[in-house]
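A.B. asks:
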Amino acid sequence: MSINALVVDDDDMILKTFVELLQVYNINVVGTAKNGYEAVEQFKKLSPDVTFLDIMMPEFDGHYALREIRMIHESAHVVMVTGGADEEIDKLSKFNPSYVIHKPFQICTLLHVLKNELKLEIDSNL
């Protein structure tokens, strides 16, 4: 069974690279968004298995999106992706992110989170 993912980042190059990386591992990227508001709308529409959500974005940021997603689906898999400081991560704790990945990250970190932390099945033949 394929994993359906939503990827959210305001940086076009990071967004494109992240999508391509997930597709290499047969993860179906069902949607993308560039800010927290778009992320919440896409989440409602698509109900992804996992959402990768940047924290620092213009307009509505990752804090907003995580809070809203938690109100829609309390146990949704939401992986926060950040290049920011620990203070930003501390602010997230009350909204219970599934996991936090620091930019830049290695593919092995991403795979570990999907397989071991979130218990999602990915194509291990690659």
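Residue 2 is where the sequence shown starts when you use the numbering used here, and the numbers rise one by one after that.
Glycine included, C-beta positions come from ideal geometry on N, C-alpha and C.
Does the Cβ of residue 122 have 16 or more other Cβ atoms within 10 Å, making it buried, or fewer, making it exposed?
C.D. replies: Here residue 122 refers to the residue found at position 121 of the sequence shown. The residue is exposed, with fewer than 16 neighbouring Cβ atoms inside 10 Å.
A.B. asks: According to DSSP, which residues form a beta bridge with residue 103?
C.D. replies: Counting from 1 along the sequence shown, the entry for residue 103 is found at position 102. Answer is 83, bridged to residue 103.
A.B. asks: Just confirm the distance between the C-beta atoms of residue 9 and residue 34, as a whole number of angstroms; I'd bet it's less than 8 angstroms.
C.D. replies: On the sequence shown, residue 9 is found 8 positions in, with the first residue counted as 1. On the sequence shown, residue 34 is found 33 positions in, with the first residue counted as 1. Going by Cβ atoms, the distance from residue 9 to residue 34 rounds to 5 angstroms, so yes, they are a contact pair.
A.B. asks: Is the distance from the Cβ of residue 100 to the Cβ of residue 82 below 7 angstroms?
C.D. replies: Translated into the one-based positions of the sequence shown, residue 100 becomes position 99. Translated into the one-based positions of the sequence shown, residue 82 becomes position 81. Not in contact: residue 100 and residue 82 (Cβ atoms no closer than 7 angstroms).
A.B. asks: How about residue 66 and residue 54: do their beta carbons lie closer than 7 angstroms?
C.D. replies: Walking along the sequence shown from the start, residue 66 turns up at place 65. Walking along the sequence shown from the start, residue 54 turns up at place 53. Against a cut-off of 7 angstroms, the Cβ pair of residue 54 and residue 66 comes out as a contact.
A.B. asks: Got a sec? Which residues, its chain only, sit under 6 angstroms from residue 19 by beta carbon, not counting five neighbours each side?
C.D. replies: Taking the sequence shown and counting its residues from 1, one reaches residue 19 at position 18. Closer than 6 angstroms at Cβ, skipping near neighbours: 8.
A.B. asks: Quick one, which of 119, 25, 95, 78 has its alpha-carbon nearest residue 44's?
C.D. replies: As a position in the sequence shown, residue 44 is number 43, starting the count at 1. Nearest option by C-alpha distance: 78.
A.B. asks: By alpha-carbon positions, which one of 42, 12, 11, 3 ends up nearest to residue 24?
C.D. replies: Locating residue 24 in the sequence shown gives position 23, counting from the first residue. When each option's Cα is compared against that of residue 24, the closest is 3.
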